[in-house]
Structure formats: C-alpha cells, structure tokens
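Listed in order, the protein sequences are those of chains A and B. For what it's worth, the numbering used here labels the leading residue of the first sequence as -3, then goes sequentially. For what it's worth, the numbering used here labels the leading residue of the second sequence as 1168, then goes sequentially. Beta carbons are placed, not taken as given, at the ideal position from N, Cα and C, and that holds for glycine. Remember, it's a predicted structure, so these values are computed and weren't measured experimentally. Down below is the structure, laid out as structure tokens.
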Amino acid sequence: MEQINKPLTKNILPDRVFATLADYESTGGYQGLRKAITELQPKDVQQWVKDAGLKGRGGAGFGTGLKWSMVPDIDTPQTRYMIANADEMEPGTFKDKMLMEQDPHQLIEGLIIAAYAIQANTAFIFLRGEYHLAARRLDNALQEARSKGFLGEHILDSDFNLEIVLHTGAGRYICGEETALINALEGKRATPRAKPPFPLVSGLWGKPTVVNNVETLCNVPHILHYGVEWYQGLGRGADKGTKLFGASGRVKYPGLWELPLGIPIREIIDKYAGGMQDGYKLRGFLPGGASTDFLLPEHLDVVMDFEAVAKAGSRMGTGTIIVLDDRTCPVQMVLNLEQFFAQESCGWCTPCRDGLPWTVTLLEDIIAGKGHIEDLDALAGLTRMLGPGNTFCALAPGAMEPLQSALKYFREDFERYIAKEPA
Amino acid sequence: MNEQTLSPEEIQEINAEISRYPDKAAVAIEALKIVQKHRRWVSDDCLVAVAGLLAMSPAQLEAVATFYNLIYRQPVGKTVIHYCNSVTCWMLGSDRIGERLCRHLNVDLGEMSADGEYTVLPIVCLGACDHAPVAMVGDELRLDITEDAVNEILGR
C-alpha cells in the first residue's frame, strides 16, 4: 500500500481550489464506506474505530468507538440520529472550517459510516451560520453523494438508508456543547441539558443520538479503508492517528498542519510556524483554544497528546495554539477571553451567568488602575466557584482555565496594574 | 397580527424547510434567516407571523431570536460588517478596525449608516486565525486586514 501519513489533508493541495468528488474518489474516497457497508456489521465498524484508538477531536478526547458502542440496542429498528458537530467557534480554532471547505466529501463519508455504525437513518450536519463557503461546498457535495448512491435508499445496494440534512446555525458558542446543540436543532433556546440522560440514550427529539466533531468523523473513512494497524502507526506517542495542529498570533507563519499526535509543541511553533516574528519573544501559549490553560516556554517540549498536555497542567483541546508574545499584556488577553465567555454564556445556570460578568468587571477595574490586591483573591475564588462540577456544562470551567493559569504564571502583571506601575 | 405579514415567497421558503424536519420548530433559525434574507431584520410583526407558521408561541420564538449573534431584532444596513474581536484578531489590532469603520461611517456599533448601506458589529472567532485580523462583510470573509481597513472593506 502506498505510504499515507496525512490522511486528513491528502486531497488538500496548494494548487487546488477544493477537492471535488472526482479528486476525492481518485485517492480512495468512499472505499471505506464501501468496505463498512458491504463487508462489515455495524458492531464491527464500532470495534474497528475502538481498536484504532480514535479519540474525539472537538476538545474532550472521548473514545469515538466507545461512544458509538454505548448507543443501546442497535439491532432493534428504532429512530436514532447521528450529528456532525460543525459549530466550530472556540476562539483561536480554524481546523474544521478547512476540512469542510477543502474536502467536503471526507466529512460526508465519515458521517455516513458513523450513521451506519449506530444504525441511524437520519443525520445532521450542524454548521455554524458564519461558515457560508463551507455551507455551499457541503450542500453541493451532498447532492453529488446522493446522485452517486452514497446517500438515500439502499446505499451501495445494501438495505441501509440514510438522509443527511445540512442545518446552519445563527452564531452562538454554546451550540458546540452537544446537548445545547440538540436543543438548538430542535428550535429551542440553545441551553445545555442536565445529564443524565445522556444523548446516547435520549437526545434529539428524545431519541438515541451521537454527536461527533467534524475532524473526528473525517478520520473514520481512513480507518476503514487503510485499517486499524496502519492508523495506530500514525501517532508518535500515547494517542493514535494524526491531528490538525495550528498556530496563530505573532509567529512568522501562522497556519494549520496535519501532524502525528505526540509531536512536541516546540516543533509546531518553531519548525512549522517558523518561530516568533522578528522583535517578539514567546511569553506563553494556549495549547488548544481559548478554554485551555496557559503554558510557558518551559513547556515547549511537552508533546501534543491528551495525557501529556494534561500532565503539564493544560489541555490539548482543539490543538490550535494561540501564542502570547512578550509585547501583549497577559492580563488584557485574559480580559478579552473572559469577555468572550461572558458574552457567550447561555445564562442557564447562576455561577456562569453571574460569575463571568463579575470576572470581567474585576479584570477591567484592575486594568483601569482601580484594582486592589484582594481582587486577585476574588478572581482565584471565582476560578473555584466556576470550576468543574458547579455548572451544567463545560463553558464556565473552560473560561476559568486561562484565568487560573494566568494568575499562576503572570501574577506580577496583575500586581503591576494594582500597584499602578507603568507596564 | 397574522401570517399575511409575510410575503408568499417567505411563506413558501419556510414551508419548504418545514418539510425537511420531523418537527416544525426545528426550522426556527432557518425561518428567521429567510425573513432576514428578504427584509434584513426581524420585526415584532414578522416574529409573531413566523411563530404562527411554526406552531410556536411568539415568546418561544423570541427566546430563540434573541439568542443568536446573526439574528437582528432591529434594522441593519444592506451589508453588515462583522469584524472578529476574539483573541487572535484582538491581539493583532481588531479593535482599531472596528473604531476606524465606525468613525468613517459616523456610526456606533450596531447602528445603521445614514445611507442605509452598512452596520458594523463585532463577532466572535470566524475560524481564520492564521489570517488575523479578519472580518465577514455580508457573506464574504475578508482576510489579513491591515491599517487600511476602511479602504479594504468599504472600497473607498
């Protein structure tokens, strides 16, 4: 077999506007689906993905095959739903957009295989409203897939039927949380739901529902086509497969690259992003989007896999690094992040609804020179009150991650404002 | 208020969407976007009429309409300029882009320009951080905006 080490982006070429159906099929596109539907039982597909070790790429890193296997009684005919979470809105994250715009059939094939694995006959792509180009490309690709018999009744002459509905949102971060997404899709205000019951048991319109991130689903066709062993050989460390990693901020070449999981952060920032722009030094970074803890230059040798980044005190999250340079004030950066979270809080539960605006006010006062040293204790208190376990969803705990790590690593910057010293 | 508030085209487009879902309310966002496509924004009358079509109460639909960044409950210009103010764009100067556009058009954020052409609003991360700062002008994404934001975006 030819050496495939960048399965997710092999069809994304610099001289190509985007991968058409013909482009996609010329490199093995829809072969994974063919194998799944004509050779394997749904439970086998679940097992392949489980054995491959694919973990969710939306940020939480839950085992994808395991998630599918938790859908009850797939042998019994029943309405089930499969949803692609394409509501990418984590600040600093720009990976799913590229996958959908540049190779739309990859997501569609992954979604069909996933639907087959959980025996769902209706699937949705919940796409954020701002992604107009992705919407046009996906809409067109869905029509092509339908006309080729990859969608509709008796897919590839089997008795499996599937329709995919492209559903576009209207812009709100919380819709990326899977139970809020389900409420949004039902036409309700998109607040998260209390769990249990989990969507796997009772989700969209009360039916068993699986929600998977776009990048996660894009891995699936390749696992089926090239096999579990090949897939496991792709990662360098504990986690299997490749991942889209990105860097933005004052690096020389901001961008997005498909690289093996387990790659050192230093390699991403120095080799792929070209290091810092002239005149700027690296002060720290958020390894995987706005809701991950700051890390410092001393953490550059940490490798990008779920466990290693967690051990260093942060999260791999979405794998898109936001770089803090030495001329950007970390306190103001944290204020920008908390303003985002305060605005995007759905207001459903009290710690988040009241705690985030309070966090913003304290930070604004500190920056305006009206802060007191006790405010730092109040902020630390908020990181505990809004931390894990006190809210319906992960928005507030995520919002506290950059704040708690900034208080730890950049405390002198906060204190300088309070002491009214010039920065 | 009744459904006559909406045009036959709007009603037809909304009904076409309804046929794709097992439940009418699932069309809430799409129906509001259809109204905006025809009228730029969603008035109280339109909201009540759409709620009727979807068998929702106006309060239920209002809870949806007011939830989203891209549903406008007050008039906006022909082209809405959404400049990203999330972290990477902020770091690379997006606040100044918003200020310059507003000053040039002589508006505050969210206001319509006197000629009815533009409204400027901040928006959260547009997923193009490797080309920060960015803005969405109408449906179109503009990348790598420079100090010359007014010319780049307004073409003047």
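DSSP state of Ser1174/B mapped onto helix, strand, coil: By one-based count along the second sequence, residue 1174/B stands at place 7. Reduced to three states, the DSSP call for Ser1174/B is coil.
Where Met(-3)/A sits in the DSSP three-state scheme: Position 1 of the first sequence, counted from the start, is the residue given in the question as residue -3/A. Unreliable positioning characterises Met(-3)/A in this predicted model, as indicated by a pLDDT of 48, which lies under 50. The coordinate reading is nonetheless provided below. DSSP places Met(-3)/A in coil when its eight states are reduced to three.
6 Å CB neighbourhood of Ile1181/B in its chain, flanking five on each side removed: Locating residue 1181/B in the second sequence gives position 14, counting from the first residue. Result list for Ile1181/B: Ala1198, Ile1201, Leu1220, in chain order.
Given Ser1174/B as reference, the closest of Ala1195/B, Ser1186/B, Lys1191/B, Ala1216/B once Cα atoms are compared: The sequence position of residue 1174/B within the second sequence is 7, counting from 1. Comparing Cα-Cα distances from Ser1174/B to each of Ala1195/B, Ser1186/B, Lys1191/B, Ala1216/B, the minimum goes to Ala1216/B.
Cβ contact (3+ pairs, closer than 8 Å) linking the region 59 to 71 of chain A and the region 99 to 109 of chain A: No, because fewer than three Cβ pairs between the region 59 to 71 of chain A and the region 99 to 109 of chain A fall closer than 8 Å, the two stretches do not touch.
Cβ-based burial, Glu1170/B [other Cβ within 10 Å; buried from 16]: Locating residue 1170/B in the second sequence gives position 3, counting from the first residue. Low confidence applies to Glu1170/B: its pLDDT is 47, below 50, so where it sits in the model is not reliable enough to give any reading.
Opposing strand residues paired with Asn81/A [DSSP bridges]: Position 85 of the first sequence, counted from the start, is the residue given in the question as residue 81/A. Asn81/A is bridged by DSSP to Phe122/A, Asn209/A.
Local Cβ density within 10 Å of Ala286/A, reported as buried at 16 or more and exposed below that: Along the first sequence, read from residue 1 onward, the residue named residue 286/A stands at position 290. Counting Cβ neighbours within 10 Å, Ala286/A comes out buried, since at least 16 surround it.
Beta-carbon proximity of Gly313/A to Cys1296/B, cut-off 8 Å: To locate residue 313/A, count along the first sequence from 1; it is residue 317. To locate residue 1296/B, count along the second sequence from 1; it is residue 129. No, the Cβ-Cβ distance between Gly313/A and Cys1296/B is not below 8 Å.
Among Lys91/A, Arg185/A, Phe156/A, Leu158/A, nearest to Arg168/A - alpha-carbon criterion: Mapped onto the first sequence, residue 168/A falls at position 172. Selected option, being the one with the closest Cα: Arg185/A.
Identity of the residues DSSP links to Met272/A by a beta bridge: One-based indexing of the first sequence puts residue 272/A at position 276. When beta bridges are read from the DSSP output, Met272/A appears opposite Val247/A.
Under 7 Å by beta carbon: chain B residues contacting Arg333/A: For the purposes of this step, residue 333/A is identified with residue 337 of the first sequence, where counting begins at 1. First, the residue type needs correcting, since residue 333/A is Leu and not Arg in the sequence shown. Chain-ordered, the chain B residues with CB closer than 7 Å to the CB of Leu333/A read Val1254.
Cβ neighbours of Ile1185/B in the same chain (closer than 6 Å, five flanking residues each side left out): Residue 1185/B sits at position 18 when you count from the first residue of the second sequence. Take Ile1185/B, set aside five residues on each side of it, and the residues of its chain with a beta-carbon closer than 6 Å to its own are Lys1191, Val1194, in chain order.
Neighbourhood of Met1168/B by C-beta, 7 Å cutoff - its chain only, sequence neighbours within 5 removed: As a working note, residue 1168/B is residue 1 in the second sequence. Because Met1168/B carries a pLDDT of 47, less than 50, the predicted location of this residue cannot be relied on, and no value is offered for it.
Spatial neighbours of Thr355/A in its chain, beta-carbon cut-off 6 Å, leaving aside the 5 residues before and after: In the first sequence, the residue the question calls residue 355/A occupies position 359. Excluding sequence neighbours, Thr355/A sits near Glu334, Leu378.
Contact set between Glu126/A and chain B, taken where Cβ atoms lie within less than 8 Å: Taking the first sequence and counting its residues from 1, the one referred to as residue 126/A is at position 130. Result: Leu1237, His1249, Ile1290, Leu1293, Gly1294, Met1303.
Segment limits, alpha helix (DSSP H) that includes Leu32/A: Taking the first sequence and counting its residues from 1, one reaches residue 32/A at position 36. One point to set straight first is that residue 32/A is Ala, not Leu, in the sequence displayed. For Ala32/A, the uninterrupted alpha helix (DSSP H) segment begins and ends at 27 to 35.
Boundaries (first-last residue) of the alpha helix (DSSP H) holding Leu134/A: Counted from its first residue, the first sequence places residue 134/A at position 138. Segment 128 to 143, the alpha helix (DSSP H) holding Leu134/A.
Contact check, Asn179/A vs Gly54/A, beta carbons under 8 Å: Your numbering for residue 179/A matches position 183 in the first sequence. Your numbering for residue 54/A matches position 58 in the first sequence. Cβ atoms of Asn179/A and Gly54/A: not closer than 8 Å.
Inter-stretch contact (C-beta, 8 Å, three-pair minimum) for the region 396 to 407 of chain A and the region 321 to 330 of chain A: Yes: at least three Cβ pairs fall under 8 Å.
Cβ of Glu1170/B within 8 Å of any chain A Cβ: Residue mapping note: residue 1170/B aligns to position 3 of the second sequence, counting from 1. Bear in mind that a pLDDT of 47 at Glu1170/B, under 50, signals an unreliable position, so the model cannot answer this.
Beta-carbon separation (whole angstroms), Val207/A vs Pro195/A, contact threshold 8 Å: Counting from 1 along the first sequence, the entry for residue 207/A is found at position 211. Counting from 1 along the first sequence, the entry for residue 195/A is found at position 199. Correct: roughly 6 Å between the Cβ atoms.
Between the CA atoms of Val1317/B and Arg1267/B - distance to the nearest angstrom: As a position in the second sequence, residue 1267/B is number 100, starting the count at 1. As a position in the second sequence, residue 1317/B is number 150, starting the count at 1. Pairing Arg1267/B with Val1317/B, the inter-Cα distance amounts to about 7 Å.
Three-state secondary structure assigned by DSSP to Ile1312/B: Residue mapping note: residue 1312/B aligns to position 145 of the second sequence, counting from 1. The three-state reading of DSSP puts Ile1312/B in coil, since its state is none of H, G, I, E or B.
Ala110/A, DSSP secondary structure in three states: Taking the first sequence and counting its residues from 1, the one referred to as residue 110/A is at position 114. Correct three-state label for Ala110/A: helix.
Per-residue contacts from Phe90/A into chain B (C-beta, under 7 Å): Numbered from its first residue, the first sequence carries residue 90/A at position 94. Within chain B, Gly1294, Ala1295, Cys1296, Asp1297 have C-beta atoms less than 7 Å from the C-beta of Phe90/A, given in sequence order.
8 Å Cβ cutoff met for Gly1111/B and Lys239/A: Residue 1111/B lies beyond the range of chain B shown here (1168 to 1323); nothing can be said about it.
Proximity winner among Phe388/A, Gly271/A, Asn332/A, relative to Pro398/A (alpha-carbon distances): Against the first sequence, residue 398/A aligns to sequence position 402. Among Phe388/A, Gly271/A, Asn332/A, the Cα nearest to that of Pro398/A is on Asn332/A.
Pairwise C-alpha distance: Ala137/A and Cys214/A: As a position in the first sequence, residue 214/A is number 218, starting the count at 1. As a position in the first sequence, residue 137/A is number 141, starting the count at 1. So the two alpha carbons sit approximately 15 Å from each other.
Nonlocal neighbours in the same chain, by C-beta distance under 6 Å from Gly315/A, ignoring five residues either side: Your numbering for residue 315/A matches position 319 in the first sequence. Result list for Gly315/A: Lys239, Phe241, Gly284, in chain order.
Distance, Tyr276/A Cα to Glu1319/B Cα: Walking along the second sequence from the start, residue 1319/B turns up at place 152. Walking along the first sequence from the start, residue 276/A turns up at place 280. Approximately 27 Å between the Cα atoms of the pair.
Distance, Thr205/A Cα to Ala426/A Cα: As displayed, chain A neither begins before -3 nor continues past 419, which places residue 426/A out of reach and without an answer.
Interface residues of chain B facing Glu173/A [CB-CB closer than 9 Å]: Taking the first residue of the first sequence as position 1, residue 173/A is located at position 177. In chain B, no part has a C-beta under 9 Å from the C-beta of Glu173/A; the shortest such distance is about 14 Å.
C-beta atoms of Asp235/A and Asp301/A nearer than 8 Å: Translated into positions along the first sequence, residue 235/A becomes position 239. Translated into positions along the first sequence, residue 301/A becomes position 305. Result yes, Cβ atoms of Asp235/A and Asp301/A sit closer than 8 Å.
Three-way DSSP call (helix, strand, coil) for His454/A in this model: It is not possible to answer for residue 454/A, since the shown part of chain A is limited to -3 through 419.
Short-range partners of chain B found in the region 190 to 205 of chain A, where Cβ spacing is below 8 Å: Here the close residues are Trp201.
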